[in-house]
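All residue numbers for the sequence shown refer to the working numbering, where the first residue is 1 and numbers rise by one.
Each residue gets a CB set at the ideal place from its N, CA and C atoms; glycine is no exception.
Please read all numbers here as calculations on a predicted model, not as lab measurements.
Working notes, structure below.
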Amino acid sequence: MKKETSAVVLFVKDEAHDIIAWLSWHISLGFDRIFVYDDQSSDGTFDIAKSCAEIYGVEVFRTSAIPGSYHDRKQNSYFDAIGKARGRYDWITMLDSDEYVSIDGSDDINAFLGNFSETDTAIALNWCIYGSSEKILKDRVPTYQAFTYRSKADFEDNTLVKSFVRPEAVDPAVRSSHRFGLSYGNYVDALGRPVEWTSEETKAVVWEKARINHYICRSREHFVEWFRNRPDPETAQGPDYWSHFDRNDSHAPQDPDRVTAANAVCANIKKAVFHASMHDFLVRGNSLERGRNPVLPTRKTEFFHLKNFRGDDLSVDRIDGYLSQGEGSEQVLAAIPYAGNRIWIFRDPSLVSSNIHFHIKNSSCHTYCYDLEFESNATDASIFIKSPKTGKYLTSPSEGSRLEFTTDGAEDQRKFHFSEKVSDTTFHGENEYSEADMVYYILNSGGSFSYEEFILKFANLNRAEMENLRNLFGQQIRAIL
Numbered sequence: 001m002k003k004e005t006s007a008v009v010l011f012v013k014d015e016a017h018d019i020i021a022w023l024s025w026h027i028s029l030g031f032d033r034i035f036v037y038d039d040q041s042s043d044g045t046f047d048i049a050k051s052c053a054e055i056y057g058v059e060v061f062r063t064s065a066i067p068g069s070y071h072d073r074k075q076n077s078y079f080d081a082i083g084k085a086r087g088r089y090d091w092i093t094m095l096d097s098d099e100y101v102s103i104d105g106s107d108d109i110n111a112f113l114g115n116f117s118e119t120d121t122a123i124a125l126n127w128c129i130y131g132s133s134e135k136i137l138k139d140r141v142p143t144y145q146a147f148t149y150r151s152k153a154d155f156e157d158n159t160l161v162k163s164f165v166r167p168e169a170v171d172p173a174v175r176s177s178h179r180f181g182l183s184y185g186n187y188v189d190a191l192g193r194p195v196e197w198t199s200e201e202t203k204a205v206v207w208e209k210a211r212i213n214h215y216i217c218r219s220r221e222h223f224v225e226w227f228r229n230r231p232d233p234e235t236a237q238g239p240d241y242w243s244h245f246d247r248n249d250s251h252a253p254q255d256p257d258r259v260t261a262a263n264a265v266c267a268n269i270k271k272a273v274f275h276a277s278m279h280d281f282l283v284r285g286n287s288l289e290r291g292r293n294p295v296l297p298t299r300k301t302e303f304f305h306l307k308n309f310r311g312d313d314l315s316v317d318r319i320d321g322y323l324s325q326g327e328g329s330e331q332v333l334a335a336i337p338y339a340g341n342r343i344w345i346f347r348d349p350s351l352v353s354s355n356i357h358f359h360i361k362n363s364s365c366h367t368y369c370y371d372l373e374f375e376s377n378a379t380d381a382s383i384f385i386k387s388p389k390t391g392k393y394l395t396s397p398s399e400g401s402r403l404e405f406t407t408d409g410a411e412d413q414r415k416f417h418f419s420e421k422v423s424d425t426t427f428h429g430e431n432e433y434s435e436a437d438m439v440y441y442i443l444n445s446g447g448s449f450s451y452e453e454f455i456l457k458f459a460n461l462n463r464a465e466m467e468n469l470r471n472l473f474g475q476q477i478r479a480i481l
């Protein structure tokens, strides 16, 4: 069997909030295989990884439930993966869930690894510590996109490394995932030069060509949860640890093309998690074998872009996510979900990498799908869009500005048109339905209930209904809602 080039190992525990981002990034980099070792997670992490394994080259394992040393379980997992990689992959690396391989100047990870000779048997990649970007709370923006400020190269902890290694060259007597012991060959840096060491640290920090972006803090909420759940909290002394690593010295976002590629993978994984959750729910409800109820009411629902009276596209602006006119970061979509006068305006759930809220000025809510009313204008096929909560109309006040709900403005400024059709899907029911109706439709759908309908309908439930569905469909569903 011909060897493939690259494998990466993730040892992880209770990272349901961010594991999709980690998997998306490394899949998009082109790793041939990802080995996930789940350390008895209780938040759905294991199930998310298993869902990803259904559509990508991921293998998922669970550590022993027998009490023991966290460090030993981690090292045993790493060396188990090295054993699995021998004869199958030229290179393997071991990462934590806050460590992301970053490459520059190569199309993918295999192209980068192709720069090294057969006598190069390990490659040390320096850490690049990223700070919190002053974020307090978690959000749904992927880690690689959310945290864009990093330390300076001379920050002392950037001398630490994670390494790629040829599995056959690993000396099992030296059990470290930072600096491997080698039975033969050369230890080089990302530029192919011999590494000068001080213990497990390098004398020089090399970020050219490749590095390990280490999102050790993430948000304050991340840090508090991480600190509370650590098996060895004495090694992380709370505020001192945070202040040491929260370095936001330079703005260094990831390459936009790489972010776009990772976000596309992210959307696929979220759909896989949804379908796995629905499958498990149908199995528990003994509904899968029954198949779809043939009298279940459905209707084809089309998704369109919207334009204002000047012909400007409606989009989310690049600054802070407000609904605007003209070129933005992403065009919004509109659909008429039921018979009647309801219209949804929303971000495309199959395009964005997370359910990030967007805003409409003077609206009474912040969501990623706005449930509004429309009135038809027969004279020019335009529509007026109104908030059912405030009675105010959506208005385009002037060129280049944000849209808003207002009672002011000329009639033309309130006119909108459906433009090109983007896609369509099947929605259930002819009229607006409740959380209980959704459960009924899912149970009788034979597994055909769509991701798009679920995500968009979920956005318009109240908090209690949302929590009921999260509890009903399992821990892993929380990662996509």
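(request) Tell me whether S64 is buried or exposed, calling it buried when 16 or more other Cβ atoms sit within 10 Å of its Cβ. (result) The residue labelled residue 64 in the question sits at position 64 within the sequence shown. So S64 ends up on the exposed side.
(message) Just list the residues that DSSP pairs E201 with in beta bridges.
(response) For the purposes of this step, residue 201 is taken as the residue at position 201 of the sequence shown. DSSP output for E201 lists T198 as bridge partner(s).
(message) Taking its Cβ as the centre, do 16 or more other Cβ atoms sit within 10 Å of D14, making it buried, or is it exposed?
(response) Along the sequence shown, one-based indexing puts residue 14 at 14. It is buried - the Cβ of D14 has at least 16 other Cβ atoms within 10 Å.
(message) Suppose you measure from the CA of M466 to the CA of C369; what does that come to, to the nearest Å?
(response) For the purposes of this step, residue 466 is identified with residue 466 of the sequence shown, where counting begins at 1. For the purposes of this step, residue 369 is identified with residue 369 of the sequence shown, where counting begins at 1. Each residue's alpha carbon lies about 14 Å from the other.
(message) Three Cβ pairs or more, each shorter than 8 Å: is that satisfied between the stretch 422 to 440 and the stretch 335 to 346?
(response) Three or more beta-carbon pairs drawn from the stretch 422 to 440 and the stretch 335 to 346 are found closer than 8 Å, and the two stretches are therefore classed as touching.
(request) Could you pull out every unbroken beta strand (DSSP E) segment of at least 3 residues lying fully inside the stretch 289 to 323, listed in chain order? (result) Here the runs fully enclosed are 298 to 308, 314 to 316.
(message) Contact defined as beta carbons within less than 8 Å: I believe K209 pairs with F274. What is the distance between those atoms, to the nearest angstrom?
(response) Here the question's residue 209 lines up with position 209 in the sequence shown. Here the question's residue 274 lines up with position 274 in the sequence shown. Contact flag wrong, Cβ pair sits at about 37 Å.
(message) Taking 9 Å as the threshold (C-beta atoms), are L469 and E435 in contact?
(response) Taking the sequence shown and counting its residues from 1, the one referred to as residue 435 is at position 435. Taking the sequence shown and counting its residues from 1, the one referred to as residue 469 is at position 469. Taking 9 Å as the Cβ cut-off, E435 and L469 qualify as a contacting pair.
(request) Within the same chain, show all residues whose beta-carbon is closer than 8 Å to that of L191, passing over the 5 residues directly before and after it, in chain order. (result) Here residue 191 refers to the residue found at position 191 when the sequence shown is read from its first residue. Excluding sequence neighbours, L191 sits near V206, E208, K209.
(message) On the criterion of 16 or more Cβ atoms from any shown chain inside 10 Å, does A410 qualify as buried, or is it exposed?
(response) As a first step, residue 410 must be located in the sequence shown, where it is residue number 410. It is exposed - the Cβ of A410 has fewer than 16 other Cβ atoms within 10 Å.
(message) With a threshold of 8 Å, are at least 3 pairs of Cβ atoms found where one atom belongs to the stretch 152 to 161 and the other to the stretch 244 to 252?
(response) Output reads yes: the stretch 244 to 252 touches the stretch 152 to 161.
(request) Report the three-state DSSP secondary structure of T260 (helix, strand or coil). (result) Counted from its first residue, the sequence shown places residue 260 at position 260. Look at T260 here: in three-state DSSP terms it is helix.
(request) For A479, I'd like the list of residues in its chain whose CB is within less than 7 Å of its CB, leaving aside the five on either flank, ordered along the chain. (result) Against the sequence shown, residue 479 aligns to sequence position 479. Closer than 7 Å at Cβ, skipping near neighbours: A16, H17, I20, G44, I48, V273.
(request) Given a cut-off of 9 Å, decide if I343 and F374 are closer than it, judged by their beta-carbon atoms. (result) Here residue 374 corresponds to residue number 374 of the sequence shown, with the count starting at 1. Here residue 343 corresponds to residue number 343 of the sequence shown, with the count starting at 1. Cβ atoms of F374 and I343: closer than 9 Å.
(message) Here's the rule I'm using: 16 or more other beta-carbon atoms within 10 Å means buried, otherwise exposed. How should A378 be labelled?
(response) For the purposes of this step, residue 378 is taken as residue 378 along the sequence shown, with counting starting at 1. With fewer than 16 neighbouring CB atoms inside 10 Å of its own CB, A378 falls in the exposed class.
(message) Suppose you measure from the CA of R166 to the CA of C128; what does that come to, to the nearest Å?
(response) As a position in the sequence shown, residue 166 is number 166, starting the count at 1. As a position in the sequence shown, residue 128 is number 128, starting the count at 1. Across the structure, R166 and C128 are spaced so that their CA atoms are roughly 23 Å apart.
(message) Checking 9 Å against the spacing of the C-beta atoms, do S396 and L372 come in under that value?
(response) Here residue 396 refers to the residue found at position 396 of the sequence shown. Here residue 372 refers to the residue found at position 372 of the sequence shown. When the beta-carbon positions are compared, S396 and L372 stay at least 9 Å from each other.
(request) Say whether the stretch 155 to 174 touches the stretch 132 to 142, bearing in mind that this needs 3 or more beta-carbon pairs closer than 8 Å, one atom from each stretch. (result) With a cut-off of 8 Å, the stretch 132 to 142 and the stretch 155 to 174 do not count as touching, because too few Cβ pairs lie within range.
(message) Please return the same chain residues whose Cβ sits closer than 6 Å to the Cβ of E452, not counting the five positions on each side in sequence.
(response) To locate residue 452, count along the sequence shown from 1; it is residue 452. Hits under 6 Å: P349, T425.
(request) Could you check which residue in P67, V9, P297 has the C-alpha nearest to that of A85? (result) If you number the sequence shown from 1, residue 85 lands on position 85. Cα-wise, what sits closest to A85 is V9.
(request) Figure out for me which residue from M1, H26, A7, K3 has the closest Cα to the Cα of V265. (result) Within the sequence shown, numbered from 1, the residue matching residue 265 stands at position 265. When each option's Cα is compared against that of V265, the closest is H26.
(request) Could you spell out the range, first to last residue, of the alpha helix (DSSP H) harbouring Y451? (result) Here the question's residue 451 lines up with position 451 in the sequence shown. Judged by DSSP secondary structure, Y451 falls within the alpha helix (DSSP H) whose first and last residues are 451 to 458.
(request) Could you please give the first and the last residue of the uninterrupted beta strand (DSSP E) stretch that includes N126? (result) Numbered from 1 along the sequence shown, position 126 holds the residue referred to as residue 126. From DSSP, the beta strand (DSSP E) with N126 extends over 120 to 129.
(request) Decide if H222 is buried, meaning its Cβ has at least 16 other Cβ atoms within 10 Å, or exposed. (result) As a first step, residue 222 must be located in the sequence shown, where it is residue number 222. With 16 or more Cβ atoms within 10 Å of its Cβ, H222 is classed as buried.
(message) If I follow the unbroken alpha helix (DSSP H) through R470, where does it start and stop?
(response) Against the sequence shown, residue 470 aligns to sequence position 470. Run containing R470: 463 to 473, per the alpha helix (DSSP H) assignment.
(message) Checking 9 Å against the spacing of the C-beta atoms, do Y187 and I269 come in under that value?
(response) Here residue 187 refers to the residue found at position 187 of the sequence shown. Here residue 269 refers to the residue found at position 269 of the sequence shown. Contact flag unset, no.
(message) Need the endpoints of the beta strand (DSSP E) that F405 sits in, please.
(response) One-based indexing of the sequence shown puts residue 405 at position 405. Counted as a single uninterrupted DSSP element, the beta strand (DSSP E) harbouring F405 occupies residues 404 to 406.
(message) For the alpha helix (DSSP H) containing L443, name the first residue and the last one.
(response) The residue labelled residue 443 in the question sits at position 443 within the sequence shown. Its alpha helix (DSSP H) spans residues 435 to 443.
(request) Answer yes or no: do I92 and S6 have a C-beta to C-beta separation smaller than 9 Å? (result) Within the sequence shown, numbered from 1, the residue matching residue 92 stands at position 92. Within the sequence shown, numbered from 1, the residue matching residue 6 stands at position 6. Closer than 9 Å, so yes.
(message) For D42, report the span of its alpha helix (DSSP H) as first-last.
(response) Taking the sequence shown and counting its residues from 1, the one referred to as residue 42 is at position 42. The residue you asked about is not Asp; residue 42 is Ser in the sequence shown. Taken as a continuous stretch (DSSP letters only), S42 belongs to no alpha helix (DSSP H), as it is neither H nor E.
(request) Would you please state the rounded distance, in angstroms, between the beta carbons of L179 and E200? I believe it to be under 8 Å. (result) Taking the first residue of the sequence shown as 1, we reach residue 179 at position 179. Taking the first residue of the sequence shown as 1, we reach residue 200 at position 200. Checking the displayed sequence, the identity of residue 179 turns out to be Arg instead of Leu. Right, the Cβ-Cβ distance comes to about 5 Å (below 8 Å), so this counts as a contact.
(request) Could you tell me which residues DSSP puts in a beta bridge with I34? (result) Position 34 of the sequence shown, counted from the first residue, corresponds to residue 34. V8, V58, per the DSSP bridge assignment.
(request) Ignore the nearest five residues each way along the sequence and tell me which others in V195's own chain have a CB closer than 7 Å to its CB. (result) On the sequence shown, residue 195 is found 195 positions in, with the first residue counted as 1. If we look at V195 and ignore the five residues flanking it on each side, its Cβ neighbours are A124, Y187, V188, D189, T202.
(request) Excluding the 5 residues preceding and the 5 following K2 in the sequence, name in chain order all residues of the same chain whose CB lies nearer than 6 Å to its CB. (result) Within the sequence shown, numbered from 1, the residue matching residue 2 stands at position 2. Excluding residues within five positions, none has a Cβ falling inside 6 Å.
(message) Check for me: the beta strand (DSSP E) holding Y78 runs from which residue to which?
(response) Residue numbering aside, residue 78 sits at position 78 when the sequence shown is read from its first letter. That residue, Y78, is in no beta strand (DSSP E); its alpha helix (DSSP H) goes 70 to 85.
(request) Consult DSSP for F346 and reduce its assignment to one of helix, strand or coil. (result) The residue given as residue 346 occupies position 346 in the sequence shown. Strand at F346.
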